[in-house]
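For the sequence shown, this note's numbering begins at 280 and goes up steadily by one.
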Amino acid sequence: LKMQALPAAGGEHNNTHCNGTGLTIWMSLVAGIKLALTSKECYALYKDHCASRVRRQLSIFGMPVAETLSMMRSHKLALSGSIALLIVEGDLFVPGDFDLFVPKGSMEEVHNYFVDNTRYTQTGQETSRLIQSVEEPSSNYDTFGESGIVEVRIYAHQDSRKIINIIETTLDVSTTAVMLFHTTFVMNFVTWNAIVSTYPLTTSNGEGLLNSYLQDEKPRVKRCLDKYKDRGFTTVHSCEYWKSGHRCGTHGYCGQTTRKLSDTATMRICFTEWSNDNADVIDPVMEWKLACSSNCKDSDSYQPSAGWVCTGLGSRVDKVVGSVAPSAGG
Numbered sequence: 280l281k282m283q284a285l286p287a288a289g290g291e292h293n294n295t296h297c298n299g300t301g302l303t304i305w306m307s308l309v310a311g312i313k314l315a316l317t318s319k320e321c322y323a324l325y326k327d328h329c330a331s332r333v334r335r336q337l338s339i340f341g342m343p344v345a346e347t348l349s350m351m352r353s354h355k356l357a358l359s360g361s362i363a364l365l366i367v368e369g370d371l372f373v374p375g376d377f378d379l380f381v382p383k384g385s386m387e388e389v390h391n392y393f394v395d396n397t398r399y400t401q402t403g404q405e406t407s408r409l410i411q412s413v414e415e416p417s418s419n420y421d422t423f424g425e426s427g428i429v430e431v432r433i434y435a436h437q438d439s440r441k442i443i444n445i446i447e448t449t450l451d452v453s454t455t456a457v458m459l460f461h462t463t464f465v466m467n468f469v470t471w472n473a474i475v476s477t478y479p480l481t482t483s484n485g486e487g488l489l490n491s492y493l494q495d496e497k498p499r500v501k502r503c504l505d506k507y508k509d510r511g512f513t514t515v516h517s518c519e520y521w522k523s524g525h526r527c528g529t530h531g532y533c534g535q536t537t538r539k540l541s542d543t544a545t546m547r548i549c550f551t552e553w554s555n556d557n558a559d560v561i562d563p564v565m566e567w568k569l570a571c572s573s574n575c576k577d578s579d580s581y582q583p584s585a586g587w588v589c590t591g592l593g594s595r596v597d598k599v600v601g602s603v604a605p606s607a608g609g
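Structure (structure tokens):
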């Protein structure tokens, strides 16, 4: 959704004025749009506030802001995970780490940037072939075909011990792995000049659709879902929970719908310019469909369907039903 057309999400929010403090770090950017549209002054303050959220999170993790954003631009990187969710939804919780997604083939250049420009040092590595950890816990990411991730390197700050995960994607578009995440409320990302939420209204309500064809989730996913449940987020298996009687395959929040970053359901905020048309989303025609364990009309019956993500150039990763047993345990 272009910001000018995005309706306010449900739920109660602060009733404040556009005076520089009305847009607080606790407010959802989705809900804040209602305030931003009251005047040009508020719109400008909203854009500044969006930029300040990005700068703030980079600073909290000890990253040089201007240099990092420049590096993200040149290498087409995307910040995602819990940090992106905090930027979209406000300071709802304290993040455990910072996840930076890099396209296939860019890992060494990004690694060199961290070595030369930050006080982070590598403490661990995870790939589909090996897991090596020096002193820090492993990341929350799987490195196998359906994850869209080929390698995770774990870095710790020499002073604060904060953790940054550098995650290399299977494909040459860094945002592809985001659309393979376990739930829609974490399908958000930040580029050098844009904040993107692919399911903004339900995310603002603390709800998400599960992106899985499994009857029983893997232990790692269960731990993630429990973590977000403790943070106030719930998951459902069907769009019927939000839109009873909807037409499957057409509604933007339906798991059977093929989505695109340039579609009207996606929130794209450019925080460097007035127009959101200039938001750099890396691959605006990238498409995806969620994996589902049932159809919308009969969510109690196990009827799995595959999910996938496909770049504008046609490279894709599939979540194929049957490639992992429905009750996989590891």
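Ideal Cβ positions, reconstructed from N, Cα and C, are used throughout, including at glycine.
All values reported here derive from a predicted model rather than from experimental measurement.
Straight-line CA distance for residue i to residue j?
i	j	result
residue 507	residue 462	10 Å
residue 511	residue 385	35 Å
residue 536	residue 396	42 Å
residue 583	residue 513	21 Å
residue 559	residue 549	8 Å
residue 400	residue 519	46 Å
residue 443	residue 339	12 Å
residue 555	residue 312	13 Å
For a test of the three-state rule: what should DSSP assign to residue i, helix, strand or coil?
i	result
residue 446	strand
residue 376	coil
residue 497	coil
residue 324	helix
residue 395	helix
residue 464	helix
residue 574	strand
residue 453	coil
residue 424	helix
residue 592	coil
residue 552	coil
residue 558	coil
residue 565	coil
residue 474	strand
residue 584	strand
Less than 8 Å separating the beta-carbons of residue i and residue j?
i	j	result
residue 571	residue 534	yes
residue 345	residue 470	no
residue 383	residue 451	yes
residue 369	residue 331	no
residue 521	residue 481	yes
Excluding the 5 residues preceding and the 5 following residue i in the sequence, name in chain order all residues of the same chain whose CB lies nearer than 7 Å to its CB.
i	result
residue 413	Confidence at residue 413 is low in this model, with a pLDDT of 36, below 50, so the placement of that residue should be treated as unreliable; the coordinate-derived value is given next. Taken in chain order, the residues that qualify are 402, 403.
residue 355	382, 453, 561
residue 598	425, 459, 492, 570, 585, 586, 587
Could you give the first and the last residue of the continuous alpha helix (DSSP H) run that contains residue i?
i	result
residue 309	308-315
residue 345	344-354
Using a Cβ-Cβ cutoff of less than 6 Å, which residues in the same chain neighbour residue i once the five nearest sequence positions on both sides are dropped?
i	result
residue 362	336, 374, 377
residue 477	466, 545
residue 600	492, 583, 585
residue 347	337
residue 359	378, 380, 457, 468
residue 255	With the chain covering only 280 through 609, there is no way to say anything about residue 255.
residue 367	308, 467, 476
residue 350	392
residue 567	458, 538, 588
residue 552	none
State the start and end residues of the unbroken beta strand (DSSP E) segment that holds residue i.
i	result
residue 429	428-436
With a threshold of 7 Å (Cβ to nearest heavy atom), would residue i be considered close to the ligand PLP?
i	result
residue 568	The ligand PLP is absent from the structure shown, which contains no ligand whatsoever.
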